[in-house]
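Written below as structure tokens is the structure these notes are about.
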Amino acid sequence: MLHTVLAALGLAICLVLAVHMVLPHPLRARVDAAVARLMDWFQAQVDRAVGWRRRQRQARAAALEAERVIRRARESAQGNGRVDGEWDGNVYRPKSFEKPKKPH
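For reference, each letter of the sequence shown is one residue, going 1 to 104 in UniProt numbering.
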């Protein structure tokens, strides 16, 4: 059974290559371009299917690292008492940045 399948596959490949060699040059170039586009699309689908887990892990690691850095910055700013200010989400606004109000 396996020998028959391999023989049929080999024959099919030989026939496709023979037909490809008989085609006129402009048509052969169009067929080659279409096959190249198809292979690029297929490779992109495989990359998407295989790479989604890696991207998900990287995104999770980046979010954890960002949270760790934000927490460390908050603790540093609040723990030392060096700069008086307040947090707005993940943005620290020191009160020294506020402009003094001018009397009218």
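Ideal placement from N, C-alpha and C gives every residue a C-beta, glycine not left out.
Tell me the rounded alpha-carbon separation between residue i and residue j.
i, j, result
"ARG54", "ARG72", "27 Å"
"ASP84", "ALA59", "33 Å"
"PRO100", "GLN56", "47 Å"
"PRO94", "ALA44", "48 Å"
"ASN90", "PRO26", "60 Å"
"ALA8", "LEU17", "14 Å"
"ARG48", "GLU65", "25 Å"
"TRP41", "VAL50", "14 Å"
Report yes if the C-beta distance between residue i and residue j is below 8 Å; otherwise report no.
i, j, result
"TRP87", "ARG68", "no"
Give the C-beta separation of residue i and residue j to the nearest angstrom, bearing in mind that I take them to be a contact with Cβ-Cβ under 8 Å.
i, j, result
"residue 108", "LEU23", "The requested residue 108 is not part of the displayed model; the chain covers only 1 to 104."
### Query
Which whole runs of the beta strand (DSSP E) in the region 32-101 are 3 residues long or more, in chain order?
Fully enclosed beta strand (DSSP E) runs of 3 or longer: 85-88, 91-94.
### Query
Quick one: complete alpha helix (DSSP H) runs, 4+ long, within the region 2-33?
Within the region 2-33, the complete alpha helix (DSSP H) runs of at least 4 residues are 2-22.
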